[in-house]
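If you number the sequence shown the way the working numbering does, the last residue is 235 and the count never jumps.
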Amino acid sequence: MSSISKFESSIEISFNNKALLTQAFRHSSYLNENPDTGLHDNQRMEFLGDSLLNFIIAEKLFHEFPDLPEGKLTEIRVSLVRQEKLAEKAAVIKLGDSMQLGKGEDLSGGRNKRNNLADTFEALIAAIFLDQGIEATRDFILKYFTDDVTAIKSGQIAPNYKAMLQELTQAEYKLLPEYEVVEAQGPDHNRIFVVSVSVSDTVIAIGSGKSKKLAESEAARIALSRLSDKSENQA
C-alpha cells in the first residue's frame with residue numbers, strides 16, 4: 001500500500017483526484033528547491049481551507065449556542081481554529097509524515113513545526129472540499145472538532161485568551177503583547193487588579209480581575225475581540 005493510500009485509509013477518505021491530496025502536502029520550500037517541476041505548492045489551498053474551516057465551525061457554533069451573542073461566538077471560534085489547535089489536529093492524523101518539504105526545511109524540523117502542521121491541515125481541508133464536496137468536508141472537520149465544542153459547552157474548558165492574543169499579534173504584527181498592572185483597587189483581602197495590554201507601545205485594552213492572571217485574561221479577551229473585529233471589517 002502506498003503512503004498516499006495509507007493516509008487516505010487513516011482519515012477514511014478515498015480521493016478521486018490524488019493530485020489534490022499531494023498538492024495539499026506540498027510546502028513552498030519543496031518548489032523553492034525544485035523550481036522546474038511545474039507543480040504548485042499548497043498556499044492557495046491553505047487560503048481556501050482556512051475559509052472553509054471558519055465557516056463550518058461558525059455554523060456549528062451558531063446551532064450549538066443559540067443564545068450567545070456574536071462577540072462570544074467569535075471568541076469561541078477563534079479559540080478553536082487557532083494555529084496551536086490546528087497543529088494538534090494535524091499531529092493526530094500524522095500529517096507531518098506526509099509533508100513534501102525542501103531538504104533544508106526538512107532538516108530544520110519542518111515536519112514538526114506548528115505553522116507547517118496548521119497550514120497543511122487547512123490545505124487538506126481544501127483538498128477534501130475540491131474532491132469530495134462540502135458535506136464530506138463538514139464531516140471531516142466536525143469529526144475532529146465536535147469534542148472541543150462539547151467541552152466548551154459543558155464548561156470543561158475555557159478559551160485561553162492570552163495564548164490566542166499572542167498568536168494573533170505574532171501573525172499580524174510580529175510582536176508579543178505586553179501586560180502592565182495599571183492599579184490595584186480595594187483592601188488586600190478583596191483586591192481588584194486593573195491590567196492594560198499593549199502592542200508596540202499602544203494600549204489595546206484594559207481588563208480587571210481578582211488576580212493579576214484573571215485581569216490579564218480579561219484584557220486579552222477584550223483586545224482579541226477588538227483586533228478580530230478590526231480584521232473582519234478590513235476583509
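C-beta: ideal position from N, C-alpha, C; glycine also.
Inset, instruction - With a threshold of 16 other CB atoms inside 10 Å of the CB of P159, please say whether the residue is buried or exposed. - result: buried
Inset, instruction - Could you tell me whether the Cβ atoms of T219 and V199 are closer together than 8 Å? - result: Note that residue 219 corresponds to Ala in the displayed sequence, not to Thr. Cβ distance not < 8 Å, so A219 and V199 don't count as in contact.
Legend entry - Three-state secondary structure assigned by DSSP to R26: strand
Legend entry - Test item: CB-CB of V195 and I206 under 8 Å: yes
Inset, instruction - Report yes or no: do the region 175 to 189 and the region 29 to 39 share at least 3 C-beta pairs separated by less than 8 Å? - result: no
Inset, instruction - Report the rounded CA-to-CA distance for S28 versus L48, giving the unit in angstroms. - result: 16 Å
Inset, instruction - Return the chain-ordered list of same chain residues with a C-beta closer than 6 Å to the C-beta of F239, the five sequence neighbours on each side being excluded. - result: Given a span of 1 to 235 for the chain in the structure shown, any question on residue 239 remains unanswerable.
Legend entry - Burial state of T169 (16 or more Cβ within 10 Å): buried
Legend entry - the region 67 to 86 in contact with the region 8 to 16 per 3-pair CB rule at 8 Å: no
Legend entry - Same chain only: Cβ atoms within 6 Å of R221, ignoring 5 sequence neighbours per side: Y161
Inset, instruction - Quick one: residues in its chain with C-beta nearer than 7 Å to the C-beta of D50, no 5 flanking neighbours on either side, listed in chain order? - result: E122
Inset, instruction - State the DSSP-derived secondary structure class of G186, mapped to helix, strand or coil. - result: coil
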